[in-house]
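Step one of this worksheet: look at the structure below.
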Amino acid sequence: MKKEQKDAKKFVNPIDPDKISENPHTLEYGHHSGSALIKPEDQGKLKSRALNAMDHQTDMQLGQIYEQMQLLADQAKRLSERKKISELIYTAEARFEPFINHTYHLYKREDSSFLLSLIGPKQWGKSRKNFDFVASVKLLADHTWDILEKNEGFEFNA
18 MKKEQKDAKK FVNPIDPDKI SENPHTLEYG HHSGSALIKP EDQGKLKSRA
68 LNAMDHQTDM QLGQIYEQMQ LLADQAKRLS ERKKISELIY TAEARFEPFI
118 NHTYHLYKRE DSSFLLSLIG PKQWGKSRKN FDFVASVKLL ADHTWDILEK
168 NEGFEFNA
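In terms of our numbering, the numbers along the sequence shown are unbroken and rise by one, the last being 175.
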């Protein structure tokens with residue numbers, strides 16, 4: 018029995034003391050045969066997937082921003098056209114007082130002056146004058162004009 022005690026005292030643990038832990042869950046490897054499989058991840062695959070996901074997400078967000086920019090640019094163009102046509106109408110000859118929410122029609126004469134009329138482009142009949150149709154408009158409450166229909170051949174730019 019003394020020999021067994023001697024052998025027990027001389028026992029040297031074959032496991033490195035740095036790898037022994039009272040809390041085995043902190044080890045970076047499985048500490049017994051029933052432990053979960055610990056498999057190193059391929060860092061290249063992880064980075065590639067992350068980059069692909071990031072590219073997809075940022076492209077989607079950039080697309081949304083581009084659509085919003087297009088919408089704002091279209092709104093700015095329409096507003097600019099409304100401003101220009103309002104200026105043309107207020108310099109045009111009108112033999113009546115325009116009322117809010119009524120539809121009127123703007124024409125350009127041969128002498129390059131403008132005429133605001135109650136008569137639409139399809140309502141002239143046989144007495145058609147030599148006017149070029151510019152736009153059908155409606156007077157808004159802020160005294161700007163909403164373009165209902167316009168001659169695509171007419172440029173609203175100054």
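Backbone N, C-alpha and C define an ideal beta-carbon position, used for all residues, glycine too. Predicted, not measured: the structure shown is a model, and the values here were computed from it.
Backbone CA spacing between residue i and residue j [nearest angstrom]
i	j	result
leucine 105	methionine 71	51 Å
leucine 135	phenylalanine 113	9 Å
glutamine 78	methionine 86	12 Å
lysine 94	asparagine 69	37 Å
isoleucine 164	serine 65	52 Å
lysine 125	isoleucine 82	40 Å
glutamate 184	lysine 167	Lying outside 18 to 175, the shown extent of the chain, residue 184 is not represented and no answer is given.
tyrosine 107	aspartate 76	46 Å
histidine 42	histidine 73	37 Å
lysine 27	aspartate 33	16 Å
glycine 170	tryptophan 141	20 Å
glutamine 92	glycine 137	26 Å
Reference residue i, options the options, closest by Cα
i	options	result
phenylalanine 148	Leu165, Asp128, Asp91, Leu156	Asp128
lysine 56	Leu63, Ala109, Leu123, Tyr46	Tyr46
leucine 133	Ala109, Arg126, His73	Ala109
leucine 157	Gly137, Ser130, Thr75, Tyr121	Tyr121
proline 115	Ala53, Lys139, Asp159	Asp159
leucine 54	Ser130, Gln140, Ala67, Leu44	Leu44
phenylalanine 131	Glu58, Leu63, Ala111	Ala111
Where residue i falls: helix, strand or coil (DSSP)
i	result
alanine 152	strand
aspartate 163	strand
glutamate 104	helix
tyrosine 110	Here residue 110 is glutamate; the residue named in the question, tyrosine, does not match the sequence. Three-state DSSP puts glutamate 110 in a strand.
glutamate 84	helix
glycine 61	helix
glutamate 98	helix
alanine 53	coil
aspartate 33	coil
Cβ pair residue i, residue j closer than 8 Å
i	j	result
valine 151	tryptophan 162	no
leucine 89	isoleucine 102	no
DSSP bridge partner residues for residue i (one or two, in chain order)
i	result
phenylalanine 131	Lys125
threonine 120	Lys155
Residue i beta carbon near the ligand GDP (any heavy atom closer than 7 Å)
i	result
lysine 27	In terms of ligand content, the structure shown is empty, and the ligand GDP therefore cannot be addressed.
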